[in-house]
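Written below as structure tokens is the structure these notes are about.
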Amino acid sequence: MIEKSRCTWCIGNPLDEEYHDNEWGVPLHDDQRLFEMLSLEGMQAGLSWNTVLKKRAHYNKVFENFDPKLVSQYKQEKIDELLGDPGIIRNKLKVNSIINNAKLFLKVQEEFGSFDKYIWQFTGYKTLQGKRKLDSEVPATSDESDLMSKDLKKRGFKFVGSTICYAYMQGIGMVNDHTIACYRYSELS
Numbered sequence: 099m100i101e102k103s104r105c106t107w108c109i110g111n112p113l114d115e116e117y118h119d120n121e122w123g124v125p126l127h128d129d130q131r132l133f134e135m136l137s138l139e140g141m142q143a144g145l146s147w148n149t150v151l152k153k154r155a156h157y158n159k160v161f162e163n164f165d166p167k168l169v170s171q172y173k174q175e176k177i178d179e180l181l182g183d184p185g186i187i188r189n190k191l192k193v194n195s196i197i198n199n200a201k202l203f204l205k206v207q208e209e210f211g212s213f214d215k216y217i218w219q220f221t222g223y224k225t226l227q228g229k230r231k232l233d234s235e236v237p238a239t240s241d242e243s244d245l246m247s248k249d250l251k252k253r254g255f256k257f258v259g260s261t262i263c264y265a266y267m268q269g270i271g272m273v274n275d276h277t278i279a280c281y282r283y284s285e286l287s
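99 is the number of the first residue of the sequence shown in this note's numbering; add one for each residue after it.
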């Protein structure tokens with residue numbers, strides 16, 4: 099069997115490869131999934147993406163599939179329960195940020211009609227093509243992620259620095275940062 103050429107960051111880890119092959123860089127327009135990815139990217143801060151992927155199924159279970167309407171109503175009892183759950187990253191600031199962001203997510207939906215319409219404006223409603231030869235050429239931030247971060251922070255969102263926003267943009271397909279040699283690059287171009 100001939101092995102597919104992939105971005106080097108995912109090679110050797112089946113969970114990373116699965117995410118790379120099926121999700122990373124694929125344009126996403128479903129609001130609930132957009133909220134899930136924004137939440138998970140915030141959880142990654144200071145950790146590896148693989149750590150988050152390993153806990154993703156459990157996150158979906160305890161955060162009710164990241165339904166922002168349900169999450170926005172969490173009270174202290176639920177927060178305490180979450181902070182005692184070893185299946186998630188038990189960082190008080192990060193857990194509280196998901197609940198805070200759910201409330202703000204709903205406000206953005208109300209203002210723009212959908213979070214999708216709001217978030218994709220930062221790339222002009224299209225996928226930006228990275229055209230990079232090496233993983234090392236992929237930036238940690240961009241002008242677009244800087245603008246997104248600034249606007250999200252102005253609205254009160256937490257764990258939305260420019261680096262997190264750029265990773266979010268990669269994950270939801272706002273930017274195609276698969277390397278040119280990767281089989282997914284041409285599929286998503």
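Quick reminder that beta carbons are idealized off the backbone N, C-alpha and C, glycines included. Small disclaimer: the values here were computed from a predicted structure and weren't measured.
Exposed unless 16 or more other CB atoms sit within 10 angstroms - verdict on residue i
i	result
Gln268	buried
Arg188	exposed
Gly271	buried
Glu242	buried
Ser284	exposed
Asn120	exposed
Glu134	buried
Gln174	exposed
Same chain, Cβ closer than 6 Å to residue i, five either side skipped, listed in chain order
i	result
Asp244	Ser260
Asp275	Gly228, Val236 and Gln268
Ser195	Gly140, Lys256 and Phe257
Residue i (DSSP reduced to helix, strand or coil)
i	result
Thr277	strand
Arg131	helix
Gln227	strand
Ser137	helix
Phe257	coil
Asp165	coil
Lys102	coil
Asn218	Per the sequence presented here, residue 218 reads as Trp, with Asn not at that position. Trp218: helix per DSSP, three-state reduction.
Lys248	helix
Anticipated Cβ contact below 8 Å, residue i with residue j, distance rounded
i	j	result
His156	Gly185	4 Å
Leu132	Phe213	5 Å
Phe164	Ser137	6 Å
Ile197	Tyr172	5 Å
Arg104	His118	6 Å
Gly123	Leu226	Between Leu226 and Gly123 the Cβ distance is about 11 Å, and since that is not below 8 Å, they are no contact.
Ile278	Arg230	7 Å
Cutoff 7 Å; reference residue i; Cβ partners in own chain excluding five residues on either side
i	result
Ser247	Val258, Gly259, Ser260 and Cys263
Leu202	Arg253, Gly254 and Phe255
Trp218	Met272
Lys251	Val258
Beta-carbon gap between residue i and residue j smaller than 8 Å
i	j	result
Asp233	Thr106	yes
Ala238	Glu139	no
Val160	Leu180	yes
Leu113	Lys152	yes
Glu101	Cys108	no
Nonlocal neighbours in the same chain, by C-beta distance under 8 Å from residue i, ignoring five residues either side
i	result
Leu204	Pro166, Lys167 and Ser170
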